[in-house]
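Just so you know, numbering that gives the first Met the number 0 puts 143 at position 144 of the sequence shown, and the rest follows in order with no gaps. The structure under discussion appears below in the form of C-alpha cells.
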Amino acid sequence: MRDFDIINYKDTRSGFGEALLELGKTNPKIVALCADLTGSLKMNAFADAFPDRFFQVGIAEANMMGIAAGLTIGGFIPFTGTFANFSTARVYDQIRQSIAYSEKNVKICASHAGITLGEDGATHQTLEDIGMMKMLPGMTVINPCDFNQTRQATVAIADHKGPVYLRFGRPKVPNFIPGDGEFTIGKAILMREGSDVSIFATGHLVWHALEAQKILKQKGISAEVINIHTIKPLDKEAILKSVRKTGCLVSAEEHEKNGGLGDSIAQLLAQKLPAPMEFIAVNDRFGQSGKPEELLSFYGLDTPSIVAAAERAMSRK
C-alpha cells in the first residue's frame, strides 16, 4: 500500500483544466462549453489552444446543456463547465430530458461545489447536487479528492460512454494522490487498512479522514480509510468487504446527509449487511459565508468530527 503524504496544495478545478487541455491535444472530438466562467473553471488554456472547439455560451446554462446534447449527435464529446449550483439545480430539466433520458455522452463538469466555496455563501454553496445527479438513471457521479485525482478523473471520463457528473472545488487543498495513480470509474481506493472501524470518504473529506485515522491510531483504534471517488456506480464489493472486517463505519462527505454518499452506503448495508453507522454530512441546512476551514468546523465536517463519529460507531457495536 502506498503512502499518502501532501505533495503540495492545489485547487481541484485546476486539475480539471489541465486535463481538459491534455484531452484536447489527443482527441479532436473533445469540445468544451462554458457559461461565462472560463477563468473560474480553468478552461482558459483549452479555449486559447482550440478556439474552434470552445463555445462561450454566456449566462445561459440551460442552453449550454442543450447545445452539448446536440453536439454528441455529431460524434463530439462535450465537456460543460460552470459552478456546481448552476450545473445542476438551474438546469435539471435540461439534464434530465436532453442528456440523461436521451443517453447523451455529455460530461457535466462542476466547480465550486460544497461549502468550501467559502465566502460566496449559501446561494452558491450547493449541498444537494450529488443527490440530484445520482437519482438520474444512467448518470455516473464522480467526486475526486485532490488535484491529481481530479486530473485523472477528467481523463477517464472522456473514454466513458454515457453522461457523467464530475464534481470539484474552488480552494487549494492538500494534493496527496500520486500523479501516476490509476483512476478506475466505480472502483474505490483503499487508503489505509484497519480493523476497528471503516471510514468511507469522498472529495475534500478524504484528506480529513486520513488525518482522523492518525489521531485514532494514537488512541489505539485501527481505522480503515477508503476513498469513494465514484458515488455512482458505487463500489459495493469494497464497502461490504471492509464492513465485514470492522463491523461499523463512518461516511464523510461535503454534502447534505440526505441523498449523498452516506445515503447510498446505508441503502446497501440495509439490504446486505446492517451495521452501526455514523454520518459526517450537513444535516438539513443551507450553507453560509465564511472561510472554508471555518465552515467545515462549524458544520461538523472536519477531522475532529470524523474522530468523534468513529468512536460513536465503535461504541454501538
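Each residue gets a CB set at the ideal place from its N, CA and C atoms; glycine is no exception. All figures in this text were calculated on a predicted structure; none of them were measured in a lab.
query, result
"Give a yes or no on whether 8 Å exceeds the smallest Cβ distance from Ile-264 to chain C.", "The structure shown contains no chain C; it is built from a single protein chain."
"Please indicate yes or no: does the CB of Ala-308 lie closer than 7 Å to some heavy atom of the ligand SAM?", "This structure does not include the ligand SAM; it has no bound ligands of any sort."
"According to DSSP, what are the bridge partners of Cys-247?", "Partner(s): none; Cys-247 has no beta bridge."
"Quick one: what's Gly-80 bridged to in DSSP?", "Cys-33 and Cys-108"
"In chain order, what residues of the same chain have a beta carbon less than 7 Å from the beta carbon of Met-42, not counting five sequence neighbours either side?", "Gly-16, Leu-19, Ala-31, Cys-33 and Gly-80"
"Would you be able to state if there are at least three C-beta pairs under 8 Å between the stretch 291–299 and the stretch 261–278?", "no"
"Nearest to Ile-264 by CA position, among Ile-230, Glu-210 and Asp-4, is which residue?", "Ile-230"
"Using the rule of at least 16 other Cβ atoms within 10 Å of the residue's Cβ for burial, across every protein chain shown, is Lys-9 buried or exposed?", "buried"
"Could you pull out every residue in the same chain whose Cβ sits closer than 6 Å to the Cβ of Asp-35, ignoring the five residues on either side in sequence?", "Gly-57 and Ile-58"
"Quick check on Ala-195: buried or exposed, where buried means 16 or more other Cβ atoms within 10 Å of its Cβ?", "Going by the sequence as given, residue 195 is Asp instead of Ala. Counting Cβ neighbours within 10 Å, Asp-195 comes out buried, since at least 16 surround it."
"Under the assumption that Ile-129 contacts Gly-299 (Cβ atoms under 8 Å), give the Cβ distance between them as a whole number of angstroms.", "Rounded, the Cβ-Cβ distance is 18 Å, inconsistent with contact."
"For Ala-237 and Gly-69, what's the separation of their Cα atoms in angstroms?", "37 Å"
"Quick one: give me the first and last residue of the alpha helix (DSSP H) that Ala-18 is part of.", "11–25"
"Cutting at 6 Å between CB atoms, please list the residues of its own chain near Phe-75, excluding the five before and the five after it.", "Lys-28 and Val-30"
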